[in-house]
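Read through the structure below, which is laid out as structure tokens, and then see the notes.
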Amino acid sequence: MRKHAVALLFALLLICGHVLASVAIADNYSPLYAGLVMDRQSGRVLYQHSADETRRPASLTKMMTLHLLFDALRGGKVSMHTQLPISSYAARQPRSNLNLRPGSKISVRDSIHALIIHSANDVAVVVAEALGGNEDNFVQMMNRKAAALGMESTRFANPHGLHDDSQVSTARDMARLATALHKNHPKYIPLFSKKSFTYKGRVIHTHNRVINRFSGANGMKTGYIKASGFNVVTTTHRHDGDLVAVVMGGDTAKARDDHMIELLSKSYVRLAENKGVRTDRKLDGQYRSMFAAVDPAVYNAGKPSKITAEGDASGGEEDGLEINRSNVFAPIEKQKIAAISARVLEDSEEVEEVVQKKQVNKPDLTVAKKAKVSKVSSHQAKVKKKISVAKHRLKNRKVLASKSAGLSSQRRLGSKKNG
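Numbering (our numbering), first residue to last: -12 to 406.
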């Protein structure tokens, strides 16, 4: 009977967790927010929020550019060693970029790495011009492929994702694109989990932090422009299932990544439940974290920061974005985030790099120092007490020895008198 009661309580906690999750989404995320989690094998949707409402894909666009490049590789039109020419137009694209020189060339292999890991806008145009003859023709290829993949709400206007009013997509369509990449080009999927690559002696690290933070994550892509907020598509491969998840419209890169990890963790718990896994089975660390959902403090802790943007850019021009941040997050274990003011480029995924590097997640050192001082003080007090006790004992021994010596002396004198 007791076991049944425990199982029932456990089930209620799970239900409460799912309910609180749906409430928390509306409270913690901006109007730009959209999300979806799908079982990649069955196509069954495990979670969705505004999944069919149009959003700006930003650099998630490059997933389609990559799909068409992989198509060309499979069709023999290019090889990994093919050198792609760099036009002056391609070289003029704003950051993120590789600072390509007009008239030079870049290999297909380096182009793939640059698109996935660095989200290079100049490389996206290089690929578009090489495969389509010019950017406009390539955009038509992108839209034809989108239609073929069932991406009904998607309209591409460029190959990189820089701001264009007509460029839109949805969380569901981005999930379809990620699924198509896995299905049509599994050979190249391992490239999406690479954390860095070297180009002309320069080591370039990925913008994608989720692949470092969630066990089983194997790609895919991040993106950011002012009009979109922070986007990410993540695919996973684990023994208990393969997922594709989309988060669009995060207020910060960290808030976006934290939410993605939360969605993935809960979705794997749900998969386990649906497969009849015993609820009292020992779960791994990520599964356990799901049960924090029954505490509203978990969601209040995850509220993203407010970013104040000054100016409005168009056409890829450089424009300032002032990011002022202080005490943005308040997780269950208190964190301190250094206040920063960073001027970065508009329509650039490198804003993620600036935010991530400037964001310093520090533990509350005051508490740690107090604990350490308290521990040291306690130890010192114990030592002092031991010394005091030892001195007291030594003093008592000396007194006793002195008294004993006095008595012995008196006895000797008494013996002499009696003799």
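Every residue, glycine too, gets a C-beta built ideally from N, C-alpha and C.
Quantities reported herein were computed from a predicted structural model and do not represent experimental measurements.
Asked: Could you name the residues that DSSP lists as bridge partners for Arg225?; Found: Gly228
Asked: Which residue or residues does DSSP assign as beta-bridge partners of Gly237?; Found: Phe217
Asked: For Val113, which option in Ser106, Glu122, His105 has the closest C-alpha, if you only look at C-alpha atoms?; Found: Glu122
Asked: So what does DSSP say about Thr157, is it helix, strand or coil?; Found: coil
Asked: Rounding to the nearest angstrom, what Cα-Cα distance links Asp244 and Thr223 in this structure?; Found: 14 angstroms
Asked: Based on DSSP bridge pairs, tell me the residues matched to Gly22.; Found: His36, Val234
Asked: Can you tell me where the beta strand (DSSP E) with Tyr211 in it begins and where it stops?; Found: 204 to 212
Asked: Would you please state the rounded distance, in angstroms, between the beta carbons of Gly148 and Ile212? I believe it to be under 8 angstroms.; Found: 7 angstroms
Asked: Tell me which same chain residues have a C-beta within less than 6 angstroms of the C-beta of Thr141, skipping the five on either side of it?; Found: Ala133, Ser156, Asp160
Asked: Does DSSP put Ser17 in a helix, in a strand, or in coil?; Found: coil
Asked: Distance check for Leu33 and Ala78, CA to CA, integer angstroms please.; Found: 42 angstroms
Asked: Specify whether the stretch 21 to 37 and the stretch 64 to 75 touch according to this definition: at least 3 beta carbon pairs, one from each stretch, less than 8 angstroms apart.; Found: no
Asked: Based on the DSSP secondary-structure assignment, which residues constitute the bridge partners of Phe57?; Found: Answer is none; Phe57 lacks a bridge partner.
Asked: Inspect the beta-carbon positions of Phe125 and Ala115 and report whether they are closer than 8 angstroms.; Found: yes
Asked: Please report the straight-line C-alpha distance between Gln85 and Ser180, rounded to a whole angstrom.; Found: The displayed chain sequence assigns Leu, not Gln, to residue 85. Looking at the two C-alpha atoms, the distance is approximately 20 angstroms.
Asked: What are the start and end residues of the alpha helix (DSSP H) that includes Leu118?; Found: 108 to 119
Asked: Just verifying my parser: in three-state terms, what is the DSSP assignment at Ala288?; Found: Residue confidence for Ala288 is low, a pLDDT of 32 falling below 50, so the modelled location carries little weight; the figure read from the coordinates is stated next. The answer is helix: DSSP assigns Ala288 an H, G or I state.
Asked: For Thr48, name the three-state secondary structure that DSSP assigns.; Found: helix
Asked: Kindly indicate which three-state DSSP category Phe143 falls into: helix, strand or coil?; Found: coil
Asked: For Arg42, list the residues DSSP reports as bridge partners.; Found: Ser156
Asked: Does the Cβ-Cβ distance between Ala232 and Leu258 come in under 8 angstroms?; Found: no
Asked: Just to check my reading of the structure: Asp229 and Gln80 have Cβ atoms closer than 8 angstroms, yes? What is that Cβ distance to the nearest angstrom?; Found: Not a contact, Cβ separation roughly 34 angstroms.
Asked: Tell me whether Thr48 is buried or exposed, calling it buried when 16 or more other Cβ atoms sit within 10 Å of its Cβ.; Found: buried
Asked: Can you give me the C-alpha to C-alpha distance between Gly120 and Ser106, rounded to a whole angstrom?; Found: 21 angstroms
Asked: Compute the distance between the beta-carbons of Asn218 and Gly210, then report whether it is under 8 angstroms.; Found: yes
Asked: Please go through the same chain and pick out, in chain order, the residues whose beta-carbon is closer than 6 angstroms to the beta-carbon of Leu56, but skip the five residues on each side of it.; Found: Val114
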